[in-house]
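Residue numbers (my numbering), protein chains in the order written: chain A, 70 to 487; chain B, 189 to 542. In this text, a Cβ means the ideal position worked out from N, Cα and C, and glycines have one as well. Since the structure comes first, as structure tokens, the remarks are kept for the end.
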């Protein structure tokens with residue numbers, strides 16, 4: 070290949086850089102160092118509208134879940150806006166608009182999206198992903214921009230001292246593992262458990278919670294293995310676990326295709342344990358059906374959201390309205406709630422509305438105060454026995470979960486383990 | 189044909205030495221003064237462009253100039269970032285942090301190169317693929333050093349008191365100075381005798397051997413320099429992003445870097461800069477257009493650019509030059525133009541064959 074290094078030589082490097090700088094300068098001058106005193110409205114909020122940003126993966130490997138994190142939110146506020154807007158605590162009715170930014174699950178792009186947009190939106194919410202949310206956590210603290218009700222199980226977002234401008238929405242991993250552990254402990258039987266977990270904070274969190282749940286009970290762990298999130302096969306670990314013939318298989322796995330192949334492999338190995346699957350990899354449509362999971366085996370997961378797929382909730386008012394809104398407003402993202410993130414982001418919308426209705430000043434500070442004072446709030450789609458509570462330090466907005474069992478099409482609440 | 193004549197006159201004007209010196213001077217003033225007036229997020233974008241331009245530059249050394257397919261460049265950026273984060277958090281002096289980040293990535297590059305440079309063609313591509321693929325689980329597992337999958341942040345690039353600058357301006361200047369020095373060093377490297385040797389290794393290893401140029405040694409050299417430059421970009425990444433996680437060095441970013449290099453122009457210094465601009469600004473742009481279609485738009489853009497400019501955007505002036513110069517239309521710049529010396533007007537004429 071011939072390479073050009075001709076008439077406009079080395080100086081062109083400098084010239085090009087300068088040109089880019091000049092072109093970008095078209096965006097406007099340098100803003101004064103206005104810290105914005107209490108009375109002044111924060112960016113992204115006017116008398117008619119409020120803009121929310123969602124930084125989430127809309128393309129790439131986690132795009133399916135990422136699109137859900139926007140879809141539910143857009144559905145909720147789309148409906149609210151069309152019904153006249155949302156009444157804020159200061160007496161003003163505003164439209165709430167959602168702006169999504171694709172970070173492709175790349176921390177650097179997430180930070181970039183934050184930096185490019187934090188002065189045009191009121192705050193960021195609902196975004197999926199631990200590394201991507203972490204990438205702009207400190208920048209959000211520096212700039213005093215809300216980064217709230219984000220969809221990560223990382224506990225740091227719910228630590229009020231470390232993260233004053235953050236709040237997690239979904240239960241942390243430990244909450245989920247512990248709920249299932251407690252269910253086993255309550256069965257008061259001699260149960261054996263095989264554990265397979267992802268070798269990172271995700272898997273460790275589940276296992277830690279599970280062990281806490283079974284503490285002092287007759288439940289015994291007879292095999293414990295880990296795998297890497299990048300592994301394409303866990304057959305070796307499954308074979309060893311199958312040899313233990315454990316009654317229960319606690320599978321703390323976050324990679325959907327691996328879960329499907331695990332279910333198939335375990336069946337081929339002639340091992341028929343009861344299963345525990347984490348909430349984000351237990352979808353009936355995306356995981357259990359493709360792997361032809363037999364509901365007789367007992368597939369347990371935890372949830373705090375009503376599953377629209379379940380016949381039990383077919384005629385549920387919340388579910389009907391949710392599906393309707395999703396269909397009407399979210400076609401740009403997804404209209405089929407294959408992942409629970411769709412329901413979660415819908416609840417995020419409802420929780421935000423609660424905070425908005427308590428906001429007496431159009432400022433970010435006032436919003437954070439209002440947001441951290443919600444308790445016993447039953448958002449639409451929430452299961453009986455769970456609620457939003459933002460007042461507990463160290464806990465995300467939702468920290469209670471209900472154990473559920475697969476029934477062939479969806480999930481039913483599991484009162485006990487059998 | 190009056191337009192063509194005007195164009196040629198313009199090009200001749202631009203070729204005059206004083207004009208070029210003056211233009212470069214103006215450009216430097218703009219680059220240095222710009223962050224004082226630009227909005228914060230623009231400075232942050234510019235700084236980020238610098239980070240990835242340096243990374244693409246490193247890739248260009250091994251791929252564009254030496255012709256060895258490397259799919260592991262992001263690993264060196266990630267390694268540099270992790271070393272920076274770890275040593276910053278151990279509260280070392282910042283100069284020592286920089287040296288260590290560069291030296292460790294250089295050493296890693298050298299070790300990999302010693303093993304892989306014996307392989308040719310696709311084999312070296314396969315080995316370099318392994319770097320990010322091994323790197324991600326390694327980064328997750330070695331959580332004492334890396335913070336595991338939650339990543340680690342290192343905030344050391346706030347503007348010092350005496351500079352009276354804002355953080356974004358300070359970060360921009362750090363990237364500008366380190367990036368400019370790196371570009372200058374690599375520019376000299378690929379233009380000098382090493383550059384010519386690499387060119388021969390790229391074109392024909394047998395010929396290189398017969399001229400007393402050891403292809404093995406030069407490939408190791410180029411690979412190590414690519415790694416060192418990757419380490420520099422990793423350090424700059426931490427200056428700008430201040431956070432790294434296993435996601436940072438995930439394999440598909442290597443492909444993004446590769447695409448940026450090809451779009452900018454393989455084997456071109458300015459192409460590296462354009463690659464950095466592409467890497468940073470195009471995702472911003474596609475997010476503005478339609479956040480749900482980012483991959484699609486980027487793919488279409490990539491195809492469109494490569495279809496119109498197979499040599500990358502850096503080859504655009506060449507194309508214009510050919511179109512605008514009377515009597516030169518349809519000419520091709522021969523191989524001699526790519527040996528590293530900027531052709532004088534006379535030699536350009538000789539090298540053009542109609």
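Helix, strand or coil, according to DSSP, for residue i in the structure here?
i                     : result
residue 189 (chain B) : Its pLDDT being 47, under 50, residue 189 (chain B) is placed unreliably by the model, and nothing is read from it.
residue 214 (chain A) : coil
residue 281 (chain B) : coil
residue 122 (chain A) : strand
residue 428 (chain A) : coil
residue 340 (chain B) : strand
residue 477 (chain B) : helix
residue 438 (chain B) : coil
residue 412 (chain B) : helix
residue 353 (chain B) : coil
residue 220 (chain A) : strand
residue 299 (chain A) : coil
residue 519 (chain B) : A caution first: residue 519 (chain B) carries a pLDDT of 43, below 50, which makes its placement in the model unreliable, though a value can still be read off. Of the three classes helix, strand and coil, the one that applies to residue 519 (chain B) here is coil, per DSSP.
residue 482 (chain A) : strand
residue 330 (chain B) : coil
Output the boundary residues of the beta strand (DSSP E) element that contains residue i.
i                     : result
residue 340 (chain A) : Premise fails: residue 340 (chain A) is in no beta strand (DSSP E) and is neither H nor E.
residue 166 (chain A) : 162-171
residue 235 (chain A) : 235-237
residue 321 (chain A) : 317-321
residue 474 (chain A) : 471-475
residue 370 (chain A) : 368-372
residue 279 (chain A) : Counting along the chain, residue 279 (chain A) falls outside any beta strand (DSSP E), though it belongs to the alpha helix (DSSP H) covering 270-283.
I need the boundaries of the alpha helix (DSSP H) containing residue i, first residue and last residue.
i                     : result
residue 266 (chain B) : 261-277
residue 231 (chain B) : 228-247
residue 265 (chain A) : Counting along the chain, residue 265 (chain A) falls outside any alpha helix (DSSP H), though it belongs to the beta strand (DSSP E) covering 261-267.
residue 393 (chain A) : 386-398
residue 249 (chain A) : 242-255
residue 225 (chain B) : 205-225
Is the separation between the beta-carbon of residue i and that of residue j shorter than 8 Å?
i                     : j                     : result
residue 244 (chain B) : residue 460 (chain B) : yes
residue 155 (chain A) : residue 143 (chain A) : no
residue 474 (chain A) : residue 368 (chain A) : yes
residue 303 (chain A) : residue 266 (chain A) : no
residue 159 (chain A) : residue 429 (chain A) : yes
residue 371 (chain A) : residue 254 (chain A) : no
residue 487 (chain B) : residue 453 (chain B) : no
residue 214 (chain A) : residue 238 (chain A) : no
residue 479 (chain A) : residue 361 (chain A) : no
residue 225 (chain A) : residue 179 (chain A) : no
residue 196 (chain A) : residue 242 (chain A) : no
residue 292 (chain A) : residue 307 (chain A) : no
Chain A partners of residue i, CB-CB under 7 Å?
i                     : result
residue 435 (chain B) : 174, 175, 176, 200
residue 479 (chain B) : 127, 169, 170, 171
Can you name the residues of chain A whose CB is closer than 9 Å to the CB of residue i?
i                     : result
residue 339 (chain B) : 176, 199, 200, 203, 204
residue 352 (chain B) : None at all; the shortest Cβ gap to chain A is about 12 Å.
residue 313 (chain B) : In chain order: nothing, as chain A lies at least about 18 Å away.
For a contact defined as C-beta to C-beta under 8 Å, what are the partners of residue i on chain B?
i                     : result
residue 306 (chain A) : None at all; the shortest Cβ gap to chain B is about 15 Å.
residue 297 (chain A) : 325, 328, 329
So, at 7 Å on beta carbons, what are the nonlocal neighbours of residue i in its own chain, with the 5 sequence-adjacent residues on each side left out?
i                     : result
residue 200 (chain A) : 176
residue 285 (chain A) : none
residue 360 (chain B) : 223, 231, 234, 235
Looking at residue i and the ligand MG, is the gap between the Cβ and the nearest heavy atom below 7 Å?
i                     : result
residue 398 (chain A) : Looking for the ligand MG in the displayed structure turns up nothing, as the structure carries no ligands at all.
Are the C-beta of residue i and some C-beta of chain E separated by less than 8 Å?
i                     : result
residue 131 (chain A) : Looking at the structure shown, chain E is missing, and the protein chains on hand are A and B.
Excluding the 5 residues preceding and the 5 following residue i in the sequence, name in chain order all residues of the same chain whose CB lies nearer than 8 Å to its CB.
i                     : result
residue 257 (chain B) : 251, 309, 310, 312, 313, 316
residue 374 (chain A) : 409, 412, 413, 416, 450, 451, 452
residue 289 (chain A) : 259, 260, 261, 262
residue 408 (chain B) : 298, 301, 302, 305
Strictly below 8 Å CB to CB, what residues from chain A border residue i?
i                     : result
residue 482 (chain B) : 127, 128, 171, 173
Taking C-beta pairs closer than 7 Å, name the residues in chain B that residue i reaches, listed in chain order.
i                     : result
residue 269 (chain A) : 328, 336, 337
residue 235 (chain A) : Neighbours of residue 235 (chain A) on chain B: none; closest Cβ ~14 Å, over 7 Å.
residue 402 (chain A) : 480
residue 407 (chain A) : Within chain B, no residue comes near residue 407 (chain A); the closest Cβ sits about 16 Å away, beyond 7 Å.
Could you name the residues of the same chain whose beta carbon sits closer than 6 Å to that of residue i, not counting the 5 residues immediately before and after it, in chain order?
i                     : result
residue 255 (chain B) : 390
residue 353 (chain A) : 378, 479
residue 432 (chain A) : 111
residue 441 (chain B) : 262
Under 9 Å between beta-carbons, which chain B residues line up against residue i? List them in chain order, please.
i                     : result
residue 180 (chain A) : 232, 236, 428, 429, 430, 431
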